[in-house]
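Line by line, the protein sequences give chains A and B.
Here the first sequence is numbered in this note's numbering, starting from 32 and rising by one per residue.
Here the second sequence is numbered in this note's numbering, starting from 4 and rising by one per residue.
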Amino acid sequence: MKQRPIRWSVYAGLTPAILIVVFAYIGTIIWTVGISFTDSRMLPVARFAGFNQYVRLFATERWLTSVQNMVIVGVLMIAISLALGFLLAVALDQRIRAEGFLRTIILYPYAMSFIVTGLVWQWILNPTLGIEQTVRGWGFENFRFDWIIQKETAIYCVVLAAVWHAAGLVMAIMLAGLRGIDQDLWKASRIDGIKPWRFYWHIVVPILRPSFISATVLLSLGVVKLYDLVLVLTGGGPGFSSDVPAKFVMDYLFQRQNIGLATAAATTLLITVLCALTPWLYAEYFRAEKRKD
Amino acid sequence: MLQKYRALIGANALALALAQSAFAAEKAEVLHWWTTEAQSKAVKVFADAFNAAGGEWVDNAIVNGDVAKPTGINRIVGGNPPTVMMMNAGKQFGELADQGLLNNLDDVAAAGDWKKSLPADVLEAVSRDGHIYAVPVNLQTPNWLWYNKALFEKFGVQEPKTWEDFFAAADKFQAGGIIPLAFGAQPWQQHQLFNGVLAGAGGRDLYLSIFRDKNPEATKTPEFKRVAETYAKIRSYTDPGTPNRSFNEAASMLTTGKAAMHIMGDWEKGEFTAAGWVAGEDYGCVLGLGQQNFLMDSNVFIMPKGESEAAAKAQALMAEVMLDKDVQVKFNNLKGSMPVRNDVDTSGLDACSKVGLEVLEDPGKQLAGPDWLAGADMLNSLADVVVEYWATPSETPDEFADKYAAVLSEFQE
């Protein structure tokens with residue numbers, strides 16, 4: 032294989048991007064990790080404190096709850112959004128009337144900020160204002176729908192609002208994927224008399240694998256940085272039962288003036304995400320490339 | 004003054020620039036987060052007085068203190084500080100002072116004789132290692148009980164003085180289909196309510212041994228148990244809509260007659276005024292159910308170190324203006340808080356502020372607020388425990404006391 036000449040103009044063009052990545056992203060990550068080993072409080076100081084912040088972090092009940100909540104939201108929200116988004120896309124793909132109109136409506140929640148989403152759902156779920164009050168007003172006096180004020184169920188309200196927000200996006204991605212499927216496959220399946228659900232499950236879903244992956248990556252990013260929705264919807268409550276790691280970090284960073292603990296939490300979050308994603312990314316991308324060779 | 008500068012102009016050209024900037028109005032950029040209607044009217048009193056005294060007030064209001072505070076601190080650390088910045092009294096600005104980023108106000112305080120006109124605890128709360136670093140502008144307490152007078156008359160209920168009275172009154176309202184206590188279960192509101200119960204039902208000694216001495220043993224006392232029980236009992240007198248309700252929504256439950264009482268700080272008055280309510284006529288106020296303690300809290304302004312002489316002069320002028328007797332009365336009337344000076348004319352204050360001032364006159368009822376005694380980290384860790392306790396009806400007072408003690412022992416010095 033002939034060595035290609037180095038194209039300097041390409042590197043020159045990429046330099047600003049590389050500099051930004053190195054200094055703004057990697058640089059701040061290293062700084063954050065560094066601060067987490069000091070006993071910084073309101074201002075960053077360089078007094079080394081070993082693993083003290085990490086010891087305190089893992090003794091903090093609120094942190095453990097928030098990590099657990101991230102897992103709950105992550106698993107449920109991604110699974111439900113993918114399923115719902117896929118089903119909506121399939122439904123829209125049946126050459127129905129007013130598709131453009133419906134598509135816009137379903138995608139609409141995604142155009143709203145998490146702040147608005149949170150506020151709307153806070154009112155809907157509030158037992159004295161929303162669904163519970165309305166249904167009781169219809170004459171069902173004993174109707175109860177108070178998930179948001181129960182410690183055990185508040186986090187599922189977050190899942191509900193997050194799914195409402197994200198399902199439209201998944202639908203758009205899946206619909207694009209469905210439109211890319213070769214028309215001949217449909218015809219062939221019809222000639223062979225394959226039942227529609229089997230066709231979708233065994234042929235369409237595997238073909239849409241890249242769409243599922245992009246949607247999952249987008250959704251999981253949303254799960255890790257989930258902050259504003261929780262802040263507005265439940266405020267992390269009742270108690271701290273619906274707290275999430277990003278909110279924990281922000282609280283300690285700004286309100287509690289404890290940069291050391293906040294950066295320790297952020298570092299732990301980073302490591303957790305890397306541990307969860309690395310094997311999967313490796314399998315998805317690197318091994319796939321090898322196969323092509 | 005003038006002649007001195009004129010001489011300098013003659014002396015050399017470099018001084019000319021300096022002198023001219025000193026001739027110009029003393030420009031002061033003020034960073035604060037008073038943005039509601041009542042608050043911005045109040046802050047305008049400062050601005051007008053400062054401009055009238057020959058300064059130039061450059062307003063930098065940022066909505067939401069949780070955003071404004073880090074913004075200001077970042078600018079101070081980064082070497083581009085605002086001339087004057089709002090803060091809360093207590094431990095919050097301590098680290099900035101330790102790092103030498105704030106101007107020491109000892110001279111200004113001596114010139115204005117702060118020792119004589121300000122309460123000793125307030126001076127303590129604006130000092131670090133014996134030096135003064137902030138200008139206190141008001142006094143407020145978070146443990147007021149506000150009540151709807153019309154509802155009290157309708158149900159024939161007397162103004163409660165103790166927690167026992169409170170529960171007796173609450174029972175009457177509950178039986179009559181009125182929500183006894185308006186409440187918003189946001190962490191800061193829950194913690195504030197708890198601290199009010201701690202000072203009122205638990206008493207002064209318990210309060211101080213927790214916040215000042217950080218003594219975990221204090222949670223083993225019968226007084227603490229009473230506090231824990233009282234706090235849990237309050238829960239049954241609130242409605243199911245409490246989670247994440249803001250304080251002004253809770254306040255509006257009083258003005259619309261849905262709820263009878265609300266426990267909140269002085270700033271509640273701004274909400275009542277906006278609804279057209281008058282103190283002593285439409286609403287009544289009781290300070291500190293149980294032991295009547297005034298949990299002192301104060302808004303202060305810090306003066307970061309700047310490059311120029313002019314900034315330091317503007318800062319000195321600002322301190323003088325903010326503590327001026329007339330300005331104090333005007334400002335605090337609009338803000339809903341109490342003047343920090345004890346030598347001002349109080350005839351212009353509303354009925355509730357007068358109640359507060361009466362209590363304040365007795366030094367035995369002045370109690371430094373939690374923020375003055377402990378750092379944000381400890382207080383918020385305690386708040387976590389309190390908030391969980393409220394949200395978990397199955398948690399017993401003893402379990403709660405153990406968790407509370409665990410946080411205290413973590414922060415023991």
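Using N, Cα and C, we set each Cβ at its ideal position, and we do this for glycine too.
Quick check on residue 79/A: does DSSP put it in helix, strand or coil? Under the three-state reduction of DSSP output, residue 79/A falls in the strand class.
Helix, strand or coil at residue 269/B [DSSP, three-state]: Here residue 269/B sits in coil by DSSP.
Is it the case that the segment 213-226 of chain A contacts the segment 183-196 of chain A, given that we only count it when at least three CB pairs across the two stretches are under 8 angstroms? Segments in contact, no.
For residue 183/A, which three-state DSSP category applies? Secondary structure at residue 183/A: coil, using DSSP grouped into helix, strand and coil.
Taking 7 angstroms as the CB-CB limit, is residue 390/B close to chain A? Chain A, which has a Cβ nearer than 7 angstroms to the Cβ of residue 390/B, makes this yes.
Thinking just about the alpha-carbon of each residue, which of 52/A, 206/A, 288/A, 245/A is nearest to the one in residue 316/A? Checking every option, the nearest Cα to that of residue 316/A belongs to 245/A.
Judging by CA-CA distance, which residue of 109/B, 375/B, 308/B, 210/B is the nearest neighbour of residue 294/B? Closest in alpha carbon position to residue 294/B, among 109/B, 375/B, 308/B, 210/B, is 210/B.
Quick check on residue 132/B: does DSSP put it in helix, strand or coil? The three-state reading of DSSP puts residue 132/B in coil, since its state is none of H, G, I, E or B.
With DSSP as the reference, please indicate the residues paired to residue 188/B in a beta bridge. In the DSSP assignment, the residues bridged to residue 188/B are 246/B.
Reduced DSSP secondary structure (H/G/I, E/B, other) of residue 123/A: The answer is helix: DSSP assigns residue 123/A an H, G or I state.
Would residue 214/B and residue 373/B qualify as a contact pair, given that the criterion is a beta-carbon distance under 7 angstroms? Yes, the pair counts as a contact, with Cβ atoms nearer than the cut-off.
Got a sec: is the Cβ-Cβ distance from residue 189/B to anything in chain A below 7 angstroms? Yes, contact with chain A.
By how many angstroms is the C-alpha of residue 62/B removed from the C-alpha of residue 26/B? Caution applies to residue 26/B, whose pLDDT of 46 falls short of 50 and renders its modelled position unreliable; the value that the coordinates give is listed next. Each residue's Cα considered, the two are about 21 angstroms apart.
Just mark residue 179/A as buried or exposed, buried being the case when its beta carbon has 16 or more other beta carbons within 10 Å. For residue 179/A, the number of other beta carbons within 10 angstroms of its own is at least 16, and it is reported as buried.
If I follow the unbroken alpha helix (DSSP H) through residue 234/B, where does it start and stop? Segment 225-237, the alpha helix (DSSP H) holding residue 234/B.
Let me check understanding here. Comparing Cα to Cα, which of 138/B, 32/B, 120/B, 377/B lies closest to residue 86/B? When each option's Cα is compared against that of residue 86/B, the closest is 32/B.
Coil, strand or helix - residue 225/A by DSSP: DSSP places residue 225/A in the coil class of the three-state scheme, outside both helix and strand.
Within this structure, are the beta carbons of residue 347/B and residue 290/B separated by less than 7 angstroms? No, they are not a contact pair.
At a Cβ threshold of 7 angstroms, is residue 114/B touching chain A? Taking Cβ atoms only, chain A never reaches closer than 7 angstroms to residue 114/B, which makes this a no.
I want to know whether the segment 231-246 of chain B touches the segment 255-272 of chain A - three or more CB-CB distances under 8 angstroms. In short, these stretches touch, since the Cβ pair count reaches three.
Could you check the C-alpha separation between residue 188/A and residue 334/B for me, to the nearest Å? Answer to the nearest angstrom: the Cα atoms are 43 angstroms apart.
So, is the C-beta of residue 174/B closer than 7 angstroms to a C-beta in chain A? Taking a beta-carbon distance threshold of 7 angstroms, residue 174/B does not count as an interface residue toward chain A.
To the nearest angstrom, how far is the alpha carbon of residue 309/A from that of residue 176/A? Taking the CA atoms as reference points, residue 309/A sits about 40 angstroms from residue 176/A.
Does any residue of chain A bring its CB to less than 7 angstroms from the CB of residue 379/B? Answer yes: the Cβ-Cβ gap between residue 379/B and chain A drops below 7 angstroms somewhere.
Whether residue 327/A touches residue 290/A by CB criterion (7 angstroms): Any question about residue 327/A goes unanswered here, given that chain A covers just 32 to 324.
Considering residue 62/B, what are the terminal residues of the beta strand (DSSP E) in which it resides? Segment 58-64, the beta strand (DSSP E) holding residue 62/B.
Is the shortest distance between the beta-carbon of residue 243/B and the beta-carbons of chain A less than 7 angstroms? Under the Cβ criterion of 7 angstroms, residue 243/B is counted among the residues facing chain A.
Hey, quick one: how far does the beta strand (DSSP E) through residue 204/B stretch, first residue to last? Bounds of any beta strand (DSSP E) do not take in residue 204/B, whose DSSP letter is neither H nor E.
With a threshold of 7 angstroms on Cβ separation, who are the neighbours of residue 402/B within its own chain once the five nearest residues in sequence on each side are excluded? Non-local C-beta neighbours of residue 402/B in its own chain, meaning closer than 7 angstroms and more than five positions away in sequence, are absent.
Identify each residue in the segment 153-179 of chain A for which the Cβ-Cβ distance to at least one residue of chain D is less than 8 angstroms, and report them in chain order. No chain D appears in this structure, whose protein chains are A and B.
Look at the alpha carbon of residue 311/A and the alpha carbon of residue 222/A, and state the distance between them as a whole number of angstroms. Their Cα atoms are separated by approximately 38 angstroms.
Roughly how many angstroms lie between the CA atoms of residue 183/A and residue 254/B, to the nearest whole one? Between the alpha carbons of residue 183/A and residue 254/B lies a gap of roughly 29 angstroms.
Rounded Cβ spacing between residue 73/A and residue 288/A (contact assumed at less than 8 angstroms): Contact holds; Cβ gap of about 4 angstroms.
Is the CB-CB distance between residue 90/B and residue 303/B below 7 angstroms? In this structure, residue 90/B sits near residue 303/B, with a CB-CB distance shorter than 7 angstroms.
When you compare only the Cα positions, how much space is there between residue 24/B and residue 95/B? Unreliable placement is indicated for residue 24/B, whose pLDDT of 44 sits below 50; the coordinate value is still reported in the next sentence. When rounded, the distance between both Cα atoms is 33 angstroms.
Taking one C-beta from the segment 143-153 of chain B and one from the segment 194-204 of chain B each time, how about it: are there three or more such pairs within less than 8 angstroms? With a cut-off of 8 angstroms, the segment 194-204 of chain B and the segment 143-153 of chain B count as touching, because enough Cβ pairs lie within range.
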